[in-house]
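For reference, the structure discussed in these notes is given below.
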Amino acid sequence: METLEKELDTLIDKLNNSINFRMELENISSVYPFSKYEYIISTLLSKNVLSFDDYLELRDTYINRNLYLYLFEMAPRTFGDTWGLSHLMSLEPCLQRPNKKIDPTYQLEYDLYLPCPNGNIKVEVKASRAQDRDKADEPMIVKAFSSKSKGNFLMNFQQLKPSCCDVFIWIAAYRDSIKYWVLKNSVIQKHHDFTPQHRNENTSKREKDYDKAEIYEGQIMITNANISSIKEYMVNSRGIRQAVIEQFEA
């Protein structure tokens with residue numbers, strides 16, 4: 011939104027009555043679908059400051075910068091359990107939902123499986139939305155982070171249970187792109203920043219009072235400081251299946 015506001019601000023400067031127009035904007039009321047931005051753009055068009063072709067370019071560029079912004083409006087469970095799994099299965103149809111016919115011991119402890127000659131690979135899917143850490147008190151949609159930004163970000167991958175699956179697939183949603191990582195369960199278990207999801211008297215101190223191998227359910231917060239630790243596990247959407255097999259066999 012900051013980029014769009016700067017672009018519109020430059021165009022407003024070209025209006026003959028730009029000072030009065032800015033004062034007018036401070037008092038404008040907005041009711042969906044009419045907004046401040048709609049009013050600015052319609053004014054710029056009517057005053058021939060913005061041509062229709064330039065408007066279309068402005069619109070298309072904004073959409074491309076915010077292609078996945080709608081994901082930041084979803085409730086957490088809808089984003090992770092509904093969108094995340096559906097998105098992944100649309101990319102890789104070989105990934106299937108488990109049931110007791112496939113796995114008699116199945117108790118909802120993992121999300122998907124990948125059929126292989128040597129047995130099914132149990133896959134746990136975790137999705138997180140990249141958030142701007144400098145906007146911590148803002149609504150989720152305002153915190154939506156761009157993959158091209160140099161700012162501070164946070165992604166929290168939660169409810170990680172390495173003992174319940176063979177491989178993890180992580181999905182990270184940015185406002186402008188989607189990224190994927192495929193990690194063996196032992197990579198998660200041994201990660202420096204893998205901490206208990208639920209603290210208790212035995213795990214209250216972060217690094218001294220518990221053994222990572224004893225964590226049943228944990229989390230990893232990915233930030234600017236540690237994202238390099240998972241760099242080697244990043245894959246493109248076409249390489250997910252092969253990466254799952256390679257991580258399983260690693």
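If you count the sequence shown from 1, you need to add 10 to reach the numbering used here.
Yeah, the Cβ is synthetic: ideal placement off N, Cα and C, and Gly gets one too.
- Residue state for Q169 is assigned as strand, using DSSP reduced to three classes.
- If you compare the alpha carbons of S100, Y49, V135 and I232 with that of E36, the shortest gap goes to Y49.
- Secondary structure of G161 (DSSP, three-state): coil.
- With contacts defined as CB atoms closer than 8 Å, Q106 and Y123 qualify as a contacting pair.
- Per DSSP, the continuous alpha helix (DSSP H) segment holding T13 begins and ends at E12 to I22.
- Its chain contains F31, T53, L54, K57 and V59 as the residues whose beta carbon lies nearer than 8 Å to that of L25, once the 5 sequence neighbours on both sides are disregarded; these appear in chain order.
- Unbroken beta strand (DSSP E) runs of no fewer than 3 residues, entirely contained in the segment 174 to 212, are found at 177 to 183 and 188 to 194, following chain order.
- Cβ-Cβ distances below 8 Å link I181 to G94, H97, L98, V135, K136, A137, S138, I188, K189 and Y190 in the same chain, with the five nearest sequence neighbours on each side left out; the list follows chain order.
- Boundaries of the beta strand (DSSP E) around T233: G228 to T233.
- In chain order, V192 and V245 place their CB closer than 6 Å to the CB of A253, counting only its own chain and leaving out the 5 sequence neighbours on each side.
- Taking S239 as reference, the option from Y184, E227, D203 and Q229 with the minimal CA-CA separation is D203.
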